[in-house]
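Residue numbering for the sequence shown follows the numbering used here, beginning at 28 and increasing consecutively. Heads up, the beta-carbon is just placed ideally off N, CA and C, and yes, glycines get one too. Written out below as structure tokens is the structure these notes cover.
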Amino acid sequence: FANVVVSGNTAANQGGGVFNAGTSNFTNVTISGNSAGANGGGIYSHNAYFKLANSIVWNNRAGGGTETASASIYNYTNSYPYNPSISYSAVANSFDDSDNWVGTIGVNDGNNMDADPLFEEDVDLTDLPTIHGNLRLTETSKAVNAGSNVAYTTAGGKLADDLDLDGNTRVYNHSLGGIIDLGAYESEFGVINRAPEAIDVSFTGTLNVRLMLTGSYTFDDPDGDEDKSTFKWYRSDDAAGTNKTAIDGAIA
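Set out below in structure tokens:
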């Protein structure tokens, strides 16, 4: 399964969205707004293996509740060779209160999150079955640009040619190094790279020429893509920075 939505479904017992009984691959799939009377609101896997990548399993219900791992995924046989592989996906309730992965749903193969994908409109779980809801991503969604292009091509996808569920290019700005979104819909929101900051800045010493002054700060990069910084010292006529001039060689 690739570039599909599973939504608005109900099951009296197991597998509100998907009942998996064989080897399956789910790539860029959105499973949301489904309900099971017992287990596996999103996916119920019975003595079977599946791989989930670049996908969203969110806002599903099992046994009347939405706050359990089973509301998202229930793996009937939690042992080899039936441990599902889950990567680059947003899965509700996949981490516990201590931020540990809930291993009963499958193997955490990296880059998963338990973060609201911020759909345009969540499916109303009190009104199932339904065709309502808008599972496209909003601009501030953490699912934007959060997938793996490699995972998509490994599953047989063609980044330059494939289309999402809306018929749009599967990877926005692919030729410019674009990164695939999670789920069935590709947004057209670019990557917002926020500038690093120097925080907790402090100085010790005397603010006089020829005396030692020691400065310290904490380097903070919100995006985590920069890890180096250097001091650069200046002298000026006053605290407002009048006639600010760099001090040659003072970089530490």
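| said: Following a CB-centred definition, is Ile58 positioned closer than 7 Å to any heavy atom of the ligand ZN? | reply: The model on display carries no ligand, and the ligand ZN is accordingly not part of it.
| Name the DSSP bridge partner or partners of Tyr101? | What you label residue 101 is simply residue 74 of the sequence shown in a count that begins at 1. Its beta-bridge partners are Tyr71.
| query | In whole angstroms, what is the alpha-carbon distance linking Ala48 and Pro108? | reply | Counted from its first residue, the sequence shown places residue 48 at position 21. Counted from its first residue, the sequence shown places residue 108 at position 81. Each residue's CA atom was taken as its position, placing Ala48 and Pro108 some 13 Å apart.
| field | Cut-off 6 Å between Cβ atoms - residues of its own chain near Ser229, not counting five sequence neighbours on either side | value | As a working note, residue 229 is residue 202 in the sequence shown. Cβ within range, chain order: Ser243.
| message | Threshold first: 4 residues or longer. Then list the alpha helix (DSSP H) segments lying entirely within the stretch 199 to 231, N to C. | response | Runs of the alpha helix (DSSP H) lying entirely within the stretch 199 to 231, each at least 4 residues long, are absent.
| message | Quick check: the Cα distance between Asp275 and Leu240, rounded to an integer number of angstroms? | response | The residue labelled residue 275 in the question sits at position 248 within the sequence shown. The residue labelled residue 240 in the question sits at position 213 within the sequence shown. Linking Asp275 to Leu240 through their CA atoms gives a straight-line distance of about 15 Å.
| query | To which residues of the same chain is Asn66 closer than 6 Å at the C-beta, ignoring the five residues directly before and after it? | reply | Stepping through the sequence shown from its first residue, residue 66 is reached at position 39. Within the same chain, Asn66 has close Cβ partners Gln41, Ala89, Ser97 and Tyr101.
| message | Considering only DSSP beta bridges, list what Asp247 is partnered with. | response | For the purposes of this step, residue 247 is identified with residue 220 of the sequence shown, where counting begins at 1. Looking at the DSSP assignment, Asp247 forms a beta bridge with Glu224.
| request: Tell me whether Ala178 sits in a helix, a strand or coil according to DSSP, three-state version. | output: Position 151 of the sequence shown, counted from the start, is the residue given in the question as residue 178. Three-state result, Ala178: helix.
| said: According to DSSP, Tyr261 sits in a beta bridge with which residue or residues? | reply: Start at 1 with the first residue of the sequence shown, and residue 261 comes out as number 234. The partner list for Tyr261 (beta bridge, DSSP) reads Ala273.
| Residues of its chain near Thr269, where Cβ-Cβ distance is below 8 Å and the 5 sequence neighbours each way are ignored | For the purposes of this step, residue 269 is identified with residue 242 of the sequence shown, where counting begins at 1. Residues of the same chain with a CB within less than 8 Å of the CB of Thr269, apart from the 5 flanking positions on each side, are Ser263 in chain order.
| said: Applying the 10 Å Cβ sphere with the 16-neighbour rule, what's the burial state of Trp85? | reply: Here residue 85 is taken as the residue at index 58 of the sequence shown, counted from 1. Looking at its Cβ environment, which holds 16 or more other Cβ atoms inside 10 Å, Trp85 is buried.
| said: For the beta strand (DSSP E) containing Arg163, name the first residue and the last one. | reply: Your numbering for residue 163 matches position 136 in the sequence shown. Asn161 to Leu164 is the span of the beta strand (DSSP E), which, as asked, contains Arg163.
| field | For Ala117, three-class secondary structure by DSSP | value | As a working note, residue 117 is residue 90 in the sequence shown. Correct three-state label for Ala117: strand.
| said: Would you say Asn110 lies against chain D (beta-carbon separation less than 8 Å)? | reply: The structure shown contains no chain D; it is built from a single protein chain.
| query | What does a CB cutoff of less than 7 Å around Asp193 pick up in its chain, not counting 5 residues either side in sequence? | reply | The residue you call residue 193 lines up with position 166 of the sequence shown. Cβ neighbours of Asp193 beyond the five flanking positions: Tyr212.
| request: Look at the alpha carbon of Ser112 and the alpha carbon of Gly60, and state the distance between them as a whole number of angstroms. | output: As a first step, residue 112 must be located in the sequence shown, where it is residue number 85. As a first step, residue 60 must be located in the sequence shown, where it is residue number 33. Rounded to the nearest angstrom, the gap between the Cα atoms of Ser112 and Gly60 is 22 Å.
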